[in-house]
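Novice: Take a look at this one; I'll ask things after.
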Amino acid sequence: MVRFVTAEQVPFHTYQLPSEKMLNIVIRCIPSEIPEQEVLLQLRELGFSPESVARMRKSRGGAPMPLVLVKISKDQSKIYTLKELVSLDVSVETLRAKPSIGQCYRCQRYGHVQSRCTAPRKCVSSGGEHPSGECPRPKSEPSTCANCGETHPANYRGCVRFPKLKTAPSRETRRFKDPLGPTLSKLNVFWKLLLLCMVTYVLPYICYAIYRVSL
């Protein structure tokens with residue numbers, strides 16, 4: 001199937017098996033003055049083969065933080081024991097990310113990653129068919145979303161095309177939403193029992209009385 005759609009140049013994407021998924025780890029205490037490339041080279045010297053190394057930034061303003069995000073295969077979990085890097089004391093932990101829908105950095109669609117996508121490239125800023133890093137759009141011009149066509153980047157979480165996660169209501173929410181639920185349920189049982197008693201015991205007497213009157 002993959003060979004066929006590739007030969008026919010049909011855009012498609014695939015998904016990773018659980019065993020193929022990478023570890024997303026955070027290395028703390030790496031000052032922003034140290035470039036990502038230096039961290040990458042140091043990790044390779046120590047015998048690790050990270051897929052990517054990226055400086056983490058604040059969501060507001062984009063200021064760099066003393067944190068480095070490393071994507072690495074699961075069979076290299078020994079990286080968690082790392083205590084020193086680039087001549088600095090560091091700590092390593094798993095990335096604590098909020099549940100969200102993943103977005104492809106290649107086509108800007110949702111639910112898959114760029115390493116498994118063959119769709120035409122779409123710029124995150126202008127929506128054009130070129131890599132995001134080669135966008136010719138002047139910064140003075142507004143962005144254009146590749147998904148909805150509105151004036152915002154394609155990675156804007158407020159986009160009308162951004163999938164929303166459905167969350168189940170908590171037990172407390174359900175209890176306060178219908179506080180009379182258990183009471184009404186008990187009343188229903190009471191009326192059912194009352195109706196059963198009437199049909200079983202009262203109705204025969206009523207029928208017998210009607211029969212006697214009609215004689």
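Note that the UniProt record's numbering numbers the sequence shown so that position 37 is 37, with each residue one more than the last.
Note that beta-carbon positions come from the ideal geometry of N, C-alpha and C, so glycine has one too.
Please state if the CB of R121 and the CB of H112 are separated by a distance shorter than 8 Å.
Specialist: Locating residue 112 in the sequence shown gives position 112, where the first residue counts as 1. Locating residue 121 in the sequence shown gives position 121, where the first residue counts as 1. The answer is no: Cβ separation not under 8 Å.
Novice: With distances taken Cα to Cα, identify the nearest neighbour of S132 among P153, S115, G149.
Specialist: Counting from 1 along the sequence shown, the entry for residue 132 is found at position 132. Closest option to S132, Cα to Cα, is P153.
Novice: Could you check if S203 is buried or exposed, using at least 16 other CB atoms within 10 Å of its CB as the buried criterion?
Specialist: As a first step, residue 203 is located in the sequence shown; it is residue number 203 there, counting from the start. Here residue 203 turns out to be Leu, not Ser, going by the sequence shown. L203 comes out exposed.
Novice: So, helix, strand or coil for I79, using DSSP?
Specialist: The count along the sequence shown starts at 1 and reaches residue 79 at position 79. It is helical.
Novice: Could you pull the DSSP bridge partners for Y110 from this structure?
Specialist: Position 110 of the sequence shown holds residue 110. Paired residue(s): Q103.
Novice: Quick one: give me the first and last residue of the alpha helix (DSSP H) that R44 is part of.
Specialist: Residue 44 sits at position 44 when you count from the first residue of the sequence shown. R44 -> alpha helix (DSSP H) spans 36–45.
Novice: Thinking just about the alpha-carbon of each residue, which of I79, S140, K166, Y205 is nearest to the one in I27?
Specialist: By one-based count along the sequence shown, residue 27 stands at place 27. Here the closest residue by C-alpha is I79.
Novice: Terminal residues of the continuous beta strand (DSSP E) containing T94?
Specialist: The residue given as residue 94 occupies position 94 in the sequence shown. Start and end: 91–94.
Novice: So what's S125 in DSSP terms, helix, strand or just coil?
Specialist: Taking the sequence shown and counting its residues from 1, the one referred to as residue 125 is at position 125. Three-state DSSP puts S125 in coil, outside helix and strand.
Novice: Could you give the DSSP three-state label for V53: helix, strand or coil?
Specialist: Counting from 1 along the sequence shown, the entry for residue 53 is found at position 53. In this structure, V53 counts as strand in the three-state DSSP scheme.
Novice: Report the rounded CA-to-CA distance for Y201 versus K192, giving the unit in angstroms.
Specialist: As a working note, residue 201 is residue 201 in the sequence shown. As a working note, residue 192 is residue 192 in the sequence shown. C-alpha separation (whole angstroms): 14 Å.
Novice: Is Q103 near the ligand MG, judged by its Cβ being under 7 Å from some heavy atom?
Specialist: In the structure shown, the ligand MG is absent, as is every other ligand, since no ligand is present at all.
Novice: Could you tell me which of R116, S140, V53, Y208 sits nearest to Q37, measuring between CA atoms?
Specialist: To locate residue 37, count along the sequence shown from 1; it is residue 37. Nearest C-alpha to Q37: V53.
Novice: Assuming contact is defined by CB atoms lying nearer than 8 Å, are L23 and P99 in contact in what I supplied?
Specialist: Working through the sequence shown from its first residue, we reach residue 23 at position 23. Working through the sequence shown from its first residue, we reach residue 99 at position 99. Not closer than 8 Å, so no.
Novice: To the nearest angstrom, how far is the alpha carbon of K21 from that of E150?
Specialist: By 1-based counting over the sequence shown, the position of residue 21 is 21. By 1-based counting over the sequence shown, the position of residue 150 is 150. Computed Cα separation, rounded: 33 Å.
Novice: Please confirm whether P163 and Y110 have their CB atoms less than 8 Å apart.
Specialist: Numbered from 1 along the sequence shown, position 163 holds the residue referred to as residue 163. Numbered from 1 along the sequence shown, position 110 holds the residue referred to as residue 110. Cβ atoms of P163 and Y110: closer than 8 Å.
Novice: Give the DSSP-derived three-state secondary structure of R161 in the structure shown.
Specialist: For the purposes of this step, residue 161 is taken as residue 161 along the sequence shown, with counting starting at 1. Note: R161 maps to coil in three-state DSSP.
Novice: How many angstroms separate the CA atom of M65 from the CA atom of V160?
Specialist: Sequence index remark: in the sequence shown, residue 65 carries index 65 (1-based). Sequence index remark: in the sequence shown, residue 160 carries index 160 (1-based). Approximately 30 Å, taken between the alpha carbons.
Novice: Work out the CA separation of M198 and L180 for me, nearest whole Å.
Specialist: The count along the sequence shown starts at 1 and reaches residue 180 at position 180. The count along the sequence shown starts at 1 and reaches residue 198 at position 198. Because L180 carries a pLDDT of 49, less than 50, the predicted location of this residue cannot be relied on, and no value is offered for it.
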